[in-house]
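In terms of my numbering, the sequence shown is residues 4 to 519.
Don't be surprised by glycine CBs; every beta carbon is placed ideally from N, CA and C.
Owing to the predicted nature of the structure, the values given are computational and were not obtained by experimental measurement.
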Amino acid sequence: MNLATWVERNGRRLRDRPALAVGEEVHGTWEVTAARVAALAGGLRDRFGLVPGDRVAIVMANRPEYLEAQFAAWHAGLVAVPVNARLHREEVAYVLEHSGTAAVVTDDEHADLVGPLVDRLDGLRAVVVAPGPEWDGLAASTPIALSDRGSDDAAWLFYTSGTTGRPKGATLTHGNLLMASLSYFADIGPVGDRDSVLHAAPLSHGSGLYGLPHVAKGAVSVFPSSGALDGAELAALVRRWPGLSFFAAPIMVKRLAADPALAGADLSGLKTVIYGGAPMYLADLEEALATFGPRLAQIYGQGETPMTITALSLADHAETDHPRWRERMQGVGFPRTDVEVRVADADDRPLPPGEAGEVLVRGPVVMAGYWDQEEESAETLRGGWLHTGDVGSLDDDGYLTLHDRSKDLIISGGMNIYPREVEEALMTHPGVQAVAVVGRPDPEWGESVVAFVVLGGDGSGPSAEDLDRTCLERIARFKRPKQYHLVEALPTNNYGKVLKRELRTWLEEGRVPDQR
4 MNLATWVERN GRRLRDRPAL AVGEEVHGTW EVTAARVAAL AGGLRDRFGL VPGDRVAIVM
64 ANRPEYLEAQ FAAWHAGLVA VPVNARLHRE EVAYVLEHSG TAAVVTDDEH ADLVGPLVDR
124 LDGLRAVVVA PGPEWDGLAA STPIALSDRG SDDAAWLFYT SGTTGRPKGA TLTHGNLLMA
184 SLSYFADIGP VGDRDSVLHA APLSHGSGLY GLPHVAKGAV SVFPSSGALD GAELAALVRR
244 WPGLSFFAAP IMVKRLAADP ALAGADLSGL KTVIYGGAPM YLADLEEALA TFGPRLAQIY
304 GQGETPMTIT ALSLADHAET DHPRWRERMQ GVGFPRTDVE VRVADADDRP LPPGEAGEVL
364 VRGPVVMAGY WDQEEESAET LRGGWLHTGD VGSLDDDGYL TLHDRSKDLI ISGGMNIYPR
424 EVEEALMTHP GVQAVAVVGR PDPEWGESVV AFVVLGGDGS GPSAEDLDRT CLERIARFKR
484 PKQYHLVEAL PTNNYGKVLK RELRTWLEEG RVPDQR
């Protein structure tokens, strides 16, 4: 099944109903949106000589054209490559090159970042700015019929940072995304054509995935006109678009819950606040429940199994009289309908309740594999189970608690940061002899990035400002360390492996041996 079928159906059944909105204004009805998607699909195929299976990347902020581009790619039988628009140019270039992207749809804000890559990457044929004259020209193309796609055909390459420092493209098929959408109805809640979904978080991640079941049912996709949602805007949008749901990182939920504009606001039109991607502290959760009421649902997942491993449902959040409610709220919930979840030892043998091990996942929502990385795919999917790299334990009722994300993963503001890529950037500075990066708890961001740096030579330089500049030349701003510790040596074991647990202990105990 081709997921773009949903748009085509809605264009016939819900002709005059809103499909896309910016703020409180309708951007396009379903009839108009379906027609534009079919025409854009024809334009992408004809103008750039694309054929089914070719990749089209989307590098842009949240806006209606984003969804037009995504569903046009699928309508044409192409593979969408949604790229985190906050990445550094070199990171974007790697994703485009590795995926073999043939065309990119971007916006004015990111055109200068993406445009020059056409002359640099051999396979990249075109960069189209949307909205704009060329996008409008594509939308005026002759519409084409919906391409025939099977459940095993690639639909979305979800690039997620890897422990090697290079992103890996989780290949999500039409079948994977269909199953993830059906799982939303089973575990989060039903969706109707009078509902709405607000895209306040990036469409390249959770918001895009959780927008799919809403498109499937004909709900309107709403984009905040501010680009930075606050309490007053949310209250206004809830009044304008009842049945509104949205996905957010815990930091966004925390900020909204504390926004005075929501104190006493009528939130009866708010349906579900789905949060995930980072830990939610219990105190913050209780404040959010006080503000939003019993409308919160938590999800735990990865790009490799699109946001569907476990969930804390609306009912779980509301059951405050359960004797283990507080314990459950500090976990990540019960296995989703579409997966099997087990906790296993180093030999992949299941462990009993209460014992910690690696979280393994199996089911029709699990990715087909990593794009063009057969060895990594075989290792991650060995034995027919997705090896998440996360350490957790199940209780007697089957609820999962995570003890670590992956060994070194840092989650800051809901964004995944792998230390290796930060370390590699810092090691390009000639004055750096060795470096190790870890996360430290941060009350606002969840975690912040901290770098321990051993200087070469006489240890007289570089400064923290120099190290910052080195990072910003190579990686996204949100990945750079918030703090640098200059140390004489890094703690290692007998095999020379850096003991990052010791570094975290230094931070926890306030005994970092800074070099002076």
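- By the beta-carbon neighbour count (other beta carbons within 10 angstroms, threshold 16), Glu-358 is exposed.
- When the Cα atoms are used, Asp-319 and Ala-148 turn out to be separated by approximately 44 angstroms.
- Sequence-distant Cβ neighbours of Arg-243 in its own chain, meaning closer than 7 angstroms and more than five residues away, are Glu-27.
- Distance check between Arg-92 and each of Leu-81, Ala-38, Leu-124 places Leu-124 closest, using alpha-carbon atoms only.
- Straight-line measurement puts the Cα of Pro-85 at about 13 angstroms from the Cα of Val-117.
- Annotation: the continuous alpha helix (DSSP H) that includes Val-95 extends over 92-102.
- A residue is called buried when at least 16 other Cβ atoms come within 10 angstroms of its Cβ; Glu-476 does not meet this threshold and is exposed.
- Fully contained in the segment 206-280 are the following alpha helix (DSSP H) runs of length 4 or more, in chain order: 209-219, 234-243, 253-260.
- A residue is called buried when at least 16 other Cβ atoms come within 10 angstroms of its Cβ; Leu-502 does not meet this threshold and is exposed.
- Ser-184: not part of any beta strand (DSSP E); member of the alpha helix (DSSP H) spanning 177-190, first to last residue.
- Bridge pairing for Asp-445: Gly-449 [DSSP].
- In the DSSP assignment, Met-418 falls within the beta strand (DSSP E) that extends over 418-420.
- A straight-line Cα-Cα distance of about 11 angstroms links Asp-262 and Glu-290.
- When the beta-carbon positions are compared, Ala-76 and Val-82 come within less than 9 angstroms of each other.
- Around the C-beta of Pro-253, 16 or more other C-beta atoms lie within 10 Å, and the residue is accordingly described as buried.
- Residue burial annotation: Val-225 is buried, with at least 16 other C-beta atoms found within 10 angstroms of its C-beta.
- Taken atom to atom, the span from the alpha-carbon of Leu-270 to that of Ala-238 is near 7 angstroms.
- Per the C-alpha coordinates, the member of His-325, Leu-315, Gly-442, Tyr-213 positioned closest to Tyr-421 is Gly-442.
- C-alpha of Ala-173 to C-alpha of Leu-389: approximately 12 angstroms in a straight line.
- Here Thr-109 is bridged, per DSSP, to Val-62, Val-132.
- In terms of Cβ geometry, Gly-31 and Arg-18 do not form a close pair [threshold 9 angstroms].
- DSSP places Gly-45 in the helix class (H, G or I) of the three-state scheme.
- Bounds of the alpha helix (DSSP H) holding Tyr-69 are 67-78.
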